[in-house]
Each structure stands twice: as C-alpha cells, then as structure tokens.
Amino acid sequence: MMSAKEMAKQMGWSYEFVKDDYCEDTIQCKDLTRTMALTCQNDLKKLLPNIQFNLTSKCIVINNITFITLPILQFINKQVEELGWKQK
C-alpha cells in the first residue's frame, strides 16, 4: 500500500514538511502539474500550497482547488490516517 507522500508524488504534487517558527508545523503539498509562468526558480517556493495539513491544530487548508478528484480525496484520507487524526 502506498504512503500519502507516495500518493502525492504519483499525482505530480510536491510534498514538504515545513517546521515553522510559530509552532505551526505543516505538511504542504502543491500541484506541480498545473501550467505556471514562473520568473525564477524561487517563485515555486512562494506559491501557496494547494493542500496544507496543520500538525498543531489538525486542520486541513485547501487553496485554489476547484474540484476534489477521487485521487486527491484518497490522498487526503491517507494523510489523515497516517497522522493519526482520529474522530473522537
């Protein structure tokens, strides 16, 4: 069975753990399959993540996604499972 990170990579997404200075560690994922006009290599780092898992508040932030496809939903569910975010 694939991990959430492997699922993200298979969809053509980046997958990055970000340690924040404000105790808001996140996993940030960006859809790299979209056509983007970038002026320099560092512009990719400035783009908002399409999906962000906040490890402190256990919130999922979704930006710039019009449709959540079945593979994206499966990826989100797998990541939640791996993080151990269980409903009480």
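If you count by the working numbering, then the sequence shown holds residues 195 to 282, one letter each, in order.
Each residue gets a CB set at the ideal place from its N, CA and C atoms; glycine is no exception.
With respect to the 8 Å criterion, C223 and P243 are classified as neighbours on the basis of their beta carbons.
Given a length threshold of 4 residues, each whole run of the alpha helix (DSSP H) inside the stretch 245–282 is given here in chain order: 264–277. The beta carbon of I221 lies closer than 6 Å to those of F211, F247 in the same chain, with the five residues before and after it left out. Shown here for S251: same chain residues with a beta carbon closer than 8 Å to its own, the five before and five after excluded, namely E218 in chain order. For K224, the enclosing beta strand (DSSP E) starts and ends at 220–225.
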